[in-house]
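To start, the structure under review is shown below, and the notes come after it.
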Amino acid sequence: MAQLQIMQGQLYKAMWRWHFYAGLIVLPVLAMMAVTGALYLYKPEIEAILYPVRVEARPGEPLTPSRIIAAAEQAEGAKASQLTRPVSTQESWRVTLKSADGGTLVDFVDPHDGHILGQIRDGGVMQMIRDLHSLILTGPVGNRLVEVVAGWAIILCITGLYLRWPRRGSPAVAIRGRPGGRLFWRDLHGTLGFVSAAVILFLAITGMPWTDVWGGGLRAVIAANGAGRPPMKVNPWAPAARQALPWTLREGGAAVGHEGDIGVDAIARIAARQGLASGYQLFLPASPGAPYLVSALTIRADDARALAIDAGTGAVVQDMDWRQFGLGAKAVEWGVATHMGQQYGEGNRLLMLAGCLCLLLLCLTAPILWWKRGLKTPPPVEPHVGRALATLMLVLGLLFPLTGISMVVALIGEWLVGRVRRA
């Protein structure tokens with residue numbers, strides 16, 4: 002019995018070390034992702050405050066898509082690439098154009114008179130928040146760093162749950178001690194982590210599909226096992242169009258088109274006959290012979306739908322929707338929509354917001370708790386226990402390769418520090 006207690010104590014210390022060092026590695030980035038993620042959950046509301054999204058409802062039909070596009074092109078002296086028609090008649094339409102400096106420009110257009118109400122350059126505030134959340138500002142390195150951080154967040158959740166699991170009369174959820182004391186901060190940190198671990202773990206796992214290495218590998222595995230979707234005949238020369246599609250529809254070849262162009266108004270009428278009369282993004286052909294692409298503005302995962310329409314003949318080249326997705330594709334799309342707080346309405350969004358806020362508080366209370374401990378690191382453990390747990394963690398790292406590589410680097414660093422101290 003005594004030997005078992007000793008082993009449990011050693012395992013607890015080993016878990017504590019992994020939890021501590023995982024926190025040191027990723028807490029600043031996790032805090033930033035918690036803030037930006039919480040803000041992005043409320044993208045529609047924030048944009049409605051910052052930009053002229055709302056318009057007064059008026060009787061009669063709106064202007065045709067061609068006239069709305071022409072109004073924006075004339076005002077900006079640039080060529081349009083995309084038209085967004087909202088579901089609501091009390092929202093402005095958006096026309097995306099290529100600016101003279103190579104960036105993007107989005108004009109908000111009143112659909113009743115073609116008046117330009119305002120504009121966003123390069124995605125505006127919400128694009129900046131999204132880029133911060135995904136670390137895309139640093140290019141491919143940032144995308145890979147997100148994958149590493151998400152992997153370490155999973156380790157934090159697993160080790161944190163183990164450390165806070167009720168044992169020997171110690172409750173999992175409790176706030177004890179005097180405010181400001183070490184026990185108070187330990188309980189505050191532990192209780193927050195215990196009650197929010199499932200949501201944070203869900204956010205970390207469902208955020209992985211956006212990454213290049215793990216997400217790209219997942220798409221390949223899903224496709225190889227026939228659990229994805231049929232190849233989508235999208236316009237390969239328009240990256241913005243691919244980004245607007247559901248996650249599992251972002252890869253595919255080009256539809257072979259015919260010469261000529263029947264015009265955007267005819268395309269809009271065809272889309273309406275197919276059930277997409279509003280609430281869509283319409284991408285103009287980026288080159289001769291390329292198709293038009295009409296993608297539904299998705300809220301729930303099962304809203305996913307995309308039409309590829311031949312520009313020369315108006316034939317619907319492909320009509321892709323949720324029903325054609327395989328189980329793997331459906332699981333990923335459901336995870337993405339739930340991650341973004343959209344799948345189950347306001348309750349879903351509030352739960353994801355709670356996860357973001359708890360994660361932020363955990364990132365703030367962790368360094369305070371460390372300071373209360375005198376900035377001491379966790380005590381060393383018996384070598385055989387440490388090696389056994391490290392092996393288990395590295396097995397987990399095999400599921401997330403970039404995180405696994407960072408684990409190896411962390412273990413080598415700890416070993417070198419130990420050698421220096423002993424020397």
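Those letters in the sequence shown? Residues 2 to 424, by the numbering used here.
Glycine included, every Cβ here is placed at the ideal spot set by N, Cα and C.
Since we're looking at a predicted model, the values are computed, not measured.
Notebook entry, point to check: Residue range of the beta strand (DSSP E) that D320 falls in?
Noted result: 317-322
Note to self: Does the structure place the stretch 358-367 close enough to the stretch 20-36 that three or more beta carbon pairs sit under 8 Å?
What the structure shows: yes
Notebook entry, point to check: Considering I310, what are the terminal residues of the beta strand (DSSP E) in which it resides?
Noted result: 306-310
Checklist line | Length at least 4, wholly inside the stretch 361-420: the alpha helix (DSSP H) runs in chain order | finding: 384-400
Notebook entry, point to check: Name the DSSP beta bridge partners of V54, please?
Noted result: Note: V54 sits in no beta bridge, so no partner.
Next item on the list: Might you give, ordered along the chain, the residues of its own chain that have their beta carbon closer than 8 Å to the beta carbon of M56, omitting 5 neighbours on each side?
Entry: Checking the displayed sequence, the identity of residue 56 turns out to be Val instead of Met. So the qualifying residues of the chain are Q91, E92, S93, D111, P112, H113, L118.
Checklist line | I117 in three-state terms, based on DSSP | finding: strand
Check: Count the other CB atoms within 10 Å of the CB of G208; is the residue buried (16 or more) or exposed (fewer)?
Finding: buried
Check: For W153, which residues from the same chain have a beta carbon less than 7 Å from its beta carbon, with the 5 sequence-adjacent residues on both sides left out?
Finding: A23, I26, V27, T404
Margin query: Below 8 Å on the Cβ atoms is my contact criterion, and I expect R179 with A173 to pass it. Report the Cβ-Cβ distance as a whole number of Å.
Written below: About 21 Å separates the two Cβ atoms, so there is no contact after all.
Notebook entry, point to check: From which residue to which residue does the beta strand (DSSP E) around T85 run?
Noted result: 81-86
Checklist line | Same chain only: Cβ atoms within 6 Å of L285, ignoring 5 sequence neighbours per side | finding: S82
Next item on the list: Run the CB neighbour count on E46, radius 10 Å, all protein chains shown included, and call it buried at 16 or more, exposed below.
Entry: exposed
Next item on the list: Decide if K331 is buried, meaning its Cβ has at least 16 other Cβ atoms within 10 Å, or exposed.
Entry: buried
Check: Whose CA, out of P402, E383, I406, lies closest to the CA of A18?
Finding: In the sequence as displayed, the identity of residue 18 is Arg instead of Ala. Looking at the Cα atoms, E383 is the closest of the given residues.
Next item on the list: Starting from the Cα of V96, find the closest Cα among Y13, G38, A79 and give me that residue.
Entry: A79
Next item on the list: Could you spell out where the beta strand (DSSP E) holding A297 opens and where it closes?
Entry: 293-297
Note to self: Tell me which residue opens and which closes the alpha helix (DSSP H) that F195 is part of.
What the structure shows: 183-208
Check: Can you tell me whether M394 is buried or exposed, with buried defined as 16 or more other CB within 10 angstroms of its CB?
Finding: buried
Notebook entry, point to check: In this structure, does DSSP put M108 in helix, strand or coil?
Noted result: Reading off the sequence, residue 108 comes out as Asp, not Met. The answer is strand: DSSP assigns D108 an E or B state.
Checklist line | C-alpha gap between I69 and E148, whole angstroms | finding: 41 Å
Margin query: Let me confirm a value: M408 is counted as buried when at least 16 other C-beta atoms fall within 10 Å, else exposed. Which label applies?
Written below: buried
Next item on the list: Can you say whether P210 is buried or exposed, counting buried as having 16 or more other CB atoms within 10 angstroms of its CB?
Entry: buried
Notebook entry, point to check: Which residues in the same chain as A73 place their Cβ atom closer than 7 Å to its Cβ, once the five residues preceding and following it in sequence are excluded?
Noted result: A81, V96, L98, D108, V110, I117
Check: Whose C-alpha, out of Q282, D311, A175, D188, is nearest the C-alpha of A297?
Finding: Q282
Next item on the list: Kindly indicate which three-state DSSP category L283 falls into: helix, strand or coil?
Entry: strand
Notebook entry, point to check: Within this structure, are the beta carbons of V200 and L399 separated by less than 9 Å?
Noted result: no
Notebook entry, point to check: Do you know offhand how far G346's Cα is from S279's?
Noted result: 20 Å
Item checked: Nearest residue (CA-CA) to V314, options I263, R350, I7, L354 -> Reading the sequence as shown, one finds Thr at residue 314 and not Val. Answer by Cα proximity: I263.
Item checked: Strand pairing of S171, partner residues [DSSP] -> R168
Next item on the list: Go through its chain and collect everything with a Cβ distance to K14's Cβ below 7 Å, but skip five positions before and after it.
Entry: P379, P380, V382
Margin query: Taking contact to mean 3 or more Cβ pairs, one atom from each stretch, closer than 8 Å, check whether the stretch 121-138 and the stretch 36-51 are in contact.
Written below: yes
Notebook entry, point to check: So is D213 buried or exposed if we call it buried at 16+ other beta carbons inside 10 Å?
Noted result: exposed
Check: So L219 is in the alpha helix (DSSP H); what residue range does that whole segment cover?
Finding: 214-225
Notebook entry, point to check: Looking at the structure shown, is T97 part of a helix, part of a strand, or coil, going by DSSP?
Noted result: strand
Next item on the list: Could you check if R423 is buried or exposed, using at least 16 other CB atoms within 10 Å of its CB as the buried criterion?
Entry: exposed
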